[in-house]
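Novice: Residue numbers (my numbering): 1121 to 1414.
We put the CB at the ideal spot given by N, CA and C, even for glycine.
Being a predicted model, the structure only gives us computed values, none of them experimental.
The following block contains the structure, expressed as structure tokens.
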């Protein structure tokens, strides 16, 4: 309703006022009391986080751009936004999708080329002057852009399917007990997954399930905990076509981190490092090891 500027029903407005007086106002005060707007960029934001701040009456507006586009190429505005997207092109900037889904940009803010690097420039631009961003995306019927993945991170299965791993990963990560999910499937017949548990939330899950307190590495092997993770993947699979679904998975002994070399300083997955580090586990999954999602 907020996105579409539709009138909110009276009972919903009343419930919102009560919640604001009892809860949300106090949270805003803890945030300093003067926070009016949040701008987000650099990485995709979980829509649940966005809606949480909207409930606080603090809009979160996502935008997107690269160094080569002089920062923002698309933005959401206070009076024109769609949660889960990075908005529409800024004035003067054009955005379209190539045949493979790569986002192409053209406009006065786009750079003219890399300094003294003709080879890179030849790869960076189309013959008619569109800049190849390397990002994969979707544009909805109203013109809002959604970033789905990086082109170089696309999984190409043995059957030739191009799959953005983030599609399944972000859905699995909706579970409060999953810190990270990693989809694997290059040159393979189907996708498998590695699931890294949230070491802060898992003790609460154990308590909820009536399980004794044990070290994390032991806890993730308990059948009740395994089933919780399986259900998270089952729920994610339901939203995707069969070739994008995880068939088997393994639970890692702990979360991925910068310190252990699996994440970048901005908390992005180092996919090559992860594949090498957990190569034996991945091979076992393709030999019918691990956990069957069903």
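Roughly how many angstroms lie between the CA atoms of residue 1371 and residue 1379, to the nearest whole one?
Specialist: By 1-based counting over the chain shown, the position of residue 1371 is 251. By 1-based counting over the chain shown, the position of residue 1379 is 259. Each residue's Cα considered, the two are about 19 angstroms apart.
Novice: Quick one: what does DSSP say residue 1200 is sitting in, helix, strand or coil?
Specialist: For this step, residue 1200 is matched to residue 80 along the chain shown. Note: residue 1200 maps to strand in three-state DSSP.
Novice: Count the other C-beta atoms from every protein chain shown that fall within 10 angstroms of the C-beta of residue 1410, then say buried if there are 16 or more, exposed otherwise.
Specialist: For the purposes of this step, residue 1410 is taken as the residue at position 290 of the chain shown. Counting Cβ neighbours within 10 Å, residue 1410 comes out buried, since at least 16 surround it.
Novice: At the level of alpha carbons, what is the spacing between residue 1369 and residue 1258?
Specialist: Taking the first residue of the chain shown as position 1, residue 1369 is located at position 249. Taking the first residue of the chain shown as position 1, residue 1258 is located at position 138. Answer to the nearest angstrom: the Cα atoms are 28 angstroms apart.
Novice: Identify whether residue 1316 lies in helix, strand or coil by the three-state DSSP scheme.
Specialist: Sequence index remark: in the chain shown, residue 1316 carries index 196 (1-based). Three-state DSSP puts residue 1316 in a strand.
Novice: Is it right to say residue 1407 is buried, meaning 16 or more other beta carbons lie within 10 angstroms of its own, or is it exposed?
Specialist: Sequence index remark: in the chain shown, residue 1407 carries index 287 (1-based). Looking at its Cβ environment, which holds fewer than 16 other Cβ atoms inside 10 Å, residue 1407 is exposed.
Novice: Tell me whether the beta-carbon of residue 1366 lies closer than 8 angstroms to the beta-carbon of residue 1302.
Specialist: Here the question's residue 1366 lines up with position 246 in the chain shown. Here the question's residue 1302 lines up with position 182 in the chain shown. The answer is no: Cβ separation not under 8 angstroms.
Novice: Please list the terminal residues of the continuous alpha helix (DSSP H) segment that includes residue 1173.
Specialist: As a working note, residue 1173 is residue 53 in the chain shown. 1167 to 1175 is the extent of the alpha helix (DSSP H) around residue 1173.
Novice: Check whether the Cβ of residue 1203 lies closer than 8 angstroms to any Cβ atom in chain C.
Specialist: Absent from the structure is chain C; it holds one protein chain and no more.
Novice: Given a cut-off of 8 angstroms on the beta-carbon distance, is the pair residue 1225 and residue 1189 in contact?
Specialist: As a first step, residue 1225 is located in the chain shown; it is residue number 105 there, counting from the start. As a first step, residue 1189 is located in the chain shown; it is residue number 69 there, counting from the start. Against a cut-off of 8 angstroms, the Cβ pair of residue 1189 and residue 1225 comes out as a contact.
Novice: Could you tell me the alpha carbon to alpha carbon distance between residue 1308 and residue 1279, rounded to whole angstroms?
Specialist: As a working mapping, residue 1308 is identified with position 188 in the chain shown. As a working mapping, residue 1279 is identified with position 159 in the chain shown. So the alpha carbons of these two residues sit roughly 8 angstroms apart.
Novice: Nearest to residue 1392 by CA position, among 1165, 1254, 1304, is which residue?
Specialist: Looking up residue 1392 in the chain shown gives position 272. It is 1304.
Novice: My guess is that residue 1080 and residue 1209 are in contact by the Cβ rule of under 8 angstroms, so how many angstroms apart are they, rounded?
Specialist: Residue 1080 lies beyond the range of the chain shown here (1121 to 1414); nothing can be said about it.
Novice: Spatial neighbours of residue 1121 within its chain, please: C-beta separation below 6 angstroms, excluding the five flanking residues on both sides.
Specialist: Counting from one through the chain shown, the residue named residue 1121 turns up at place 1. Per-residue confidence for residue 1121 stands at a pLDDT of 46, beneath the threshold of 50, marking its modelled position as unreliable; the derived number appears in the next sentence. Correct list, in chain order: 1128.
Novice: Run through DSSP, which three-state label would residue 1359 get?
Specialist: For the purposes of this step, residue 1359 is taken as the residue at position 239 of the chain shown. Coil.
Novice: Between residue 1229 and residue 1213, how many whole angstroms is the CB-CB distance? I'm expecting something under 8 angstroms.
Specialist: The residue labelled residue 1229 in the question sits at position 109 within the chain shown. The residue labelled residue 1213 in the question sits at position 93 within the chain shown. With 8 angstroms as the limit, residue 1229 and residue 1213 qualify as a contact, their Cβ atoms being about 6 angstroms apart.
Novice: Let me know the secondary structure DSSP gives residue 1365 once reduced to three states.
Specialist: Start at 1 with the first residue of the chain shown, and residue 1365 comes out as number 245. Coil.
Novice: How long is the line joining the alpha carbons of residue 1159 and residue 1145, rounded to whole angstroms?
Specialist: As a first step, residue 1159 must be located in the chain shown, where it is residue number 39. As a first step, residue 1145 must be located in the chain shown, where it is residue number 25. Each residue's alpha carbon lies about 20 angstroms from the other.
Novice: Note the first and the last residue of the continuous beta strand (DSSP E) segment covering residue 1301.
Specialist: In the chain shown, the residue the question calls residue 1301 occupies position 181. Per DSSP, residue 1301 belongs to the beta strand (DSSP E) from 1298 to 1304.
Novice: Give the DSSP-derived three-state secondary structure of residue 1153 in the structure shown.
Specialist: On the chain shown, position 33 is the one that residue 1153 refers to. Three-state result, residue 1153: coil.
Novice: Thinking just about the alpha-carbon of each residue, which of 1399, 1168, 1176, 1197 is nearest to the one in residue 1306?
Specialist: Translated into positions along the chain shown, residue 1306 becomes position 186. The shortest Cα separation from residue 1306 among 1399, 1168, 1176, 1197 belongs to 1399.
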